[in-house]
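Asker: Residue 332 in the working numbering is what sits at position 332 of the sequence shown, and the numbering runs on without skipping anything.
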Amino acid sequence: MEVKLVTNKSEWEKFVLSQPHALFVQSSHYGEFYEMMGEKSWIFGVFDGDKLIGGSLVVSTHAKRGNFLYLPYGPLGEGAKILFPHLKKFAKENNFDFIRCSPFWPLKEGMEDVLKQSGFRHAPMHILAENTWMLDLSKSEDELLAQMEKTHRYLIRRCEKEGVRVEKYINETALEQFNNIHDETAKRHHFHRFSKDYIEKEFKTFAPHNEAMVISGFLPNGLIDSSSIIVFFGNMAAYRHGASLNLDNKLSTSYLVQWEAIKEAKRRGLKWYNFWGVVPAKAGKNHPFYGITHFKKGFGGAQMDLVRCHDLPISWKYWFNWIIETLRSLKRGF
């Protein structure tokens, strides 16, 4: 086996789509998004002869606290043991301070061994969700409704009965509306939102490929009340961003928006609806994600806990980054 740069993006996309969970953050399009943000991207493939059997999209991040290479939900497939030494050499040659890896590997005994053997350690913060909520879309709509919490079904049916309208968009106007609502949501719930520029560039990378959509809910009086950005890639739909105003306490439009997103994923023939981040199983009510977790879990599904984010220190600057991120993690409460 050997590690080589993959220059044929179609070859990489085909490989990513062949995985049990096709992840949009490992798509070559996600690398294009990082390049729009002024960073760089590479696809390192592990080959057995001429056959691509593993690898990862790798993106750069430059910050005052340190520059690093990042594997978003990578690596995939086989060959991690030879991929990591190759990336370490690449990082040293290109003056990166550390490598950060967030593998989409189930959290079970032994799964972290290959990381530890390659010199990785637990990162002080995560970038992508390490506890995610997955809904199996192979069931019928009636079966999906039946497995929801009773309150979720009631709120969805009430919205439908009272004339809440849900619209699906792929345009800048809807994206601007989402960002306005997202601002209000962040203020109300006291969280640090993704920047407008980040969300717009991410959306504009995937939307032209019919892989991203804004789904918005409107009250009977015509006012927009909630909005979500959903990414459809491979066999999975991902609830990437969400926002709501809660203008009418009796009509929780965000529930109907999620139900319409689930039905859109089924219409596209996808296997999974990924609700993205939820709290760890033993977390208390003081966890910042507790409220949104209750909302997500009520739609049915199962929790998938992943291997923690890991770092491979390359230079002394990593420890400066480690101190800053450790303090930030303590401040955020997770």
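Note that the Cβ used here is the ideal one computed from N, Cα and C, for glycine as well.
1. What residues match up with Pro72 in a beta bridge as DSSP calls it?
2. Please report the residue range of the beta strand (DSSP E) in which Trp362 lies.
3. Would the beta-carbon of Ile181 fall within 8 Å of that of Ser227?
4. Nearest-angstrom Cα distance between Asn321 and Gly66?
5. So His122 packs on Arg308, CB below 8 Å; how close in whole Å?
6. Can you give me the Cβ contacts of Pro220 inside the same chain, cut-off strictly under 7 Å, excluding the 5 residues immediately before and after it?
7. Hey, Phe44 and His86 are a contact pair by Cβ (cut 8 Å); roughly how many whole angstroms apart?
8. List in chain order: all unbroken alpha helix (DSSP H) runs of 4+ residues lying wholly within the stretch 228 to 313.
9. Is it buried or exposed, Arg267, if we count other Cβ atoms within 10 angstroms and call 16 or more buried?
10. What three-state label does DSSP hand Glu130 in the structure shown?
11. Should the stretch 104 to 114 be regarded as contacting the stretch 245 to 261, the criterion being three or more beta carbon pairs within less than 8 Å?
12. Within a Cβ cutoff of 8 Å, which residues of the same chain sit near Lys4, ignoring the five residues on either side of it in sequence?
13. Hey, how far is the Cα of Pro313 from the Cα of His190?
14. Between Ser329, Val278 and Lys81, which lies nearest to Ala302 when the distance is taken from Cα to Cα?
15. Spatial neighbours of Phe68 within its chain, please: C-beta separation below 7 Å, excluding the five flanking residues on both sides.
16. Buried or exposed, going by whether 16 or more other CB atoms sit within 10 Å of the CB of Ala281?
17. CB Tyr73 to CB Val6, shorter than 8 Å?
18. Straight-line CA distance for Lys168 to Leu223?
19. Quick check on the burial criterion: 16 or more other C-beta atoms within 10 angstroms. Buried or exposed for Ala146?
20. With a threshold of 7 Å on Cβ separation, who are the neighbours of Ile156 within its own chain once the five nearest residues in sequence on each side are excluded?
21. Within the stretch 192 to 229, note down every full beta strand (DSSP E) run reaching 3 residues or more, in order along the chain.
22. The alpha helix (DSSP H) with Glu93 in it runs from where to where?
23. With distance defined between alpha-carbon atoms, name the residue in Glu141, His152, Asp248 and Thr293 nearest to Gly269.
24. Identify whether Phe96 lies in helix, strand or coil by the three-state DSSP scheme.
25. Less than 8 Å between C-beta atoms, sequence neighbours within five positions excluded: which residues of the same chain meet that for Gly298?
26. Can Phe218 and Ala265 be called in contact, C-beta distance under 8 Å?
27. Exposed or buried, which one is Lys296 when buried takes at least 16 other CB atoms within 10 Å?
28. Looking at Tyr34: is its Cβ nearer than 8 Å to the Cβ of Ser28?
29. Starting from Arg153 and walking both ways along the beta strand (DSSP E), at which residues does that stretch end?
Answerer: Working from what's here:
1. Ser102
2. Absent from the model: residue 362. The displayed extent of the chain is 1 to 334, so no value can be given.
3. yes
4. 6 Å
5. 5 Å
6. Glu162, Gly163 and Val164
7. 7 Å
8. 253 to 267 and 290 to 297
9. exposed
10. coil
11. no
12. Phe44, Gly45 and Phe47
13. 32 Å
14. Val278
15. Thr61, Phe96, Asp97, Phe98, Ile99 and Arg100
16. exposed
17. no
18. 15 Å
19. exposed
20. Tyr255, Leu256 and Trp259
21. 212 to 218
22. Ala80 to Glu93
23. Glu141
24. coil
25. Met148, Glu149, Thr151 and His152
26. no
27. buried
28. no
29. It is not in any beta strand (DSSP E) - Arg153 instead sits in the alpha helix (DSSP H) that spans Lys150 to Glu162.
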